[in-house]
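Per numbering that gives the first Met the number 0, the very first residue in the sequence shown carries number 0; after that it's consecutive.
Ideal placement from N, C-alpha and C gives every residue a C-beta, glycine not left out.
Predicted model, so just to flag it, every value in this text is computed and none were measured.
Step one of this worksheet: look at the structure below.
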Amino acid sequence: MNGLKIAIATGPSGFVTVNSILEASKASGTSRLDWLELGLAAAEADETLHDVGVGGMPDALGRMSLDAAIMDGPTHRAGAVAGLLGFRSPIAVARRVMDCTPHVMLVGEGAKRFAEAQGFTDEGALLTDYSRERYEAFLRGEVDLEATGDQHIDGGDTVGAIVMDTDNQLACGTSTSGLAFKMPGRVGDSPIIGGGLYVEQGIGSAVCLGMGEQMMQVGMAMRTVMKLAQGLPPQAAAEAAMRDMIRLRPSCLGTTCLVIALNQAGDAGGARTKEHPDFHYWQATQSGVIKIEAPVMGD
Ligand code: GLY
């Protein structure tokens with residue numbers, strides 16, 4: 000049976016994600032894409048995680064506007080949704096975009112119509128008691144958006160995951176509620192192929208966590224995979240890509256950003272701009288789950 004070789008995932012939601020991937024991979028007749036979708040969907044469904052799905056933080060209008068993407072190595076196909084309102088599992092909708100349409104990304108109203116046509120239920124605002132309370136505090140001017148420099152309030156800001164099966168086939172995905180109380184319509188790196196995620200079978204994959212405006216302007220995930228293509232090991236590739244971003248966009252040092260990578264040999268690496276308790280990653284293999292702190296490149 001084709002099983003899980005390794006999975007890695009970013010931030011606090013990464014723990015739930017890699018454990019769910021590990022569990023999902025035990026079911027017969029399932030594939031890397033199923034494990035990835037179920038792993039990310041578990042994080043989306045967990046109301047205690049404030050960076051993705053139903054537990055996430057709303058936009059400035061109090062709407063849970065969710066982004067997600069999935070990409071498969073062997074077929075080099077991707078699917079993404081952005082600004083999806085009312086659906087609790089954007090990664091499931093992104094997978095349907097990949098599997099059921101000739102397109103890559105659907106946004107806003109079109110994404111909503113597609114999700115409904117695919118049988119997903121529009122659940123409206125999706126706010127939890129906690130996110131509503133935080134939104135009301137934001138409206139009262141009591142939330143300090145500058146506290147962390149980049150609106151990573153109450154947690155990370157994304158879960159990005161990479162899966163490799165025992166046939167060495169790769170897939171990656173992301174899901175996020177984006178920056179807390181973001182400008183309506185704002186989309187970050189997470190659903191952008193090459194920005195927040197990228198995979199190239201035979202080379203490797205990378206996913207990002209952090210300030211999307213920084214990472215999408217340097218094509219961070221694609222850039223990291225291209226470093227792998229040049230023969231760098233994942234740790235060196237992540238560090239080299241992070242150094243590129245710091246050179247091109249020195250302002251990224253005022254924000255928290257993490258890129259993690261997996262190469263075709265199943266080795267992982269990562270690098271981040273600065274210290275932040277949530278900017279780590281998790282790795283799951285058949286030997287268990289471990290937490291990894293990526294080196295800080297900014298100092
Ligand atoms: N990294 C997620 C975002 O910037 O929206």
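_If the criterion is Cβ atoms closer than 8 Å, does the pair L247 and V217 meet it?_
When the beta-carbon positions are compared, L247 and V217 come within less than 8 Å of each other.
_First and last residue of the uninterrupted alpha helix (DSSP H) at R87_ = Per DSSP, R87 belongs to no alpha helix (DSSP H) and is neither H nor E.
*Tell me, please, whether the CB atom of T254 is closer than 8 Å to any CB atom in chain C?*
Considering every chain present, this structure includes no chain C. It has just one protein chain.
*With DSSP as the reference, label E274 as helix, strand or coil.*
coil
*Does at least one heavy atom of ligand 1 sit under 7 Å from the Cβ of D166?*
no
*Look up D156 in the DSSP assignment and say whether it is helix, strand or coil.*
Coil, per DSSP.
*Simplified DSSP state of G13, which is helix, strand or coil*: helix
_What ranges does the beta strand (DSSP E) occupy inside the stretch 185 to 220, keeping only unbroken runs of at least 3 residues that lie completely in it?_
For secondary structure counted as the beta strand (DSSP E) over 3 or more consecutive residues, the stretch 185 to 220 holds these complete runs in sequence order: 196 to 199 and 203 to 209.
*M164: buried (16+ other C-beta within 10 angstroms of its C-beta) or exposed?*
It should be noted that the sequence gives Asp, not Met, for residue 164. By the 10 Å Cβ count, D164 comes out buried.
*Who are the Cβ neighbours of D188 in its own chain at under 6 Å, not counting the five residues just before and after it?*
G194, G195, C207, G211, M214 and M215
*Leaving out the 5 sequence neighbours to the left and right, which residues in its chain are closer than 8 Å to T127 when beta-carbon positions are compared?*
E46, V53 and G54
*Using only the heavy atoms of ligand 1, determine whether one of them is closer than 7 Å to the beta carbon of L60.*
no
*Starting from the C-beta of F278, find all residues in its chain whose C-beta is less than 6 Å away, skip the five residues before and the five after it, and write them out in chain order.*
T255, L257 and R271
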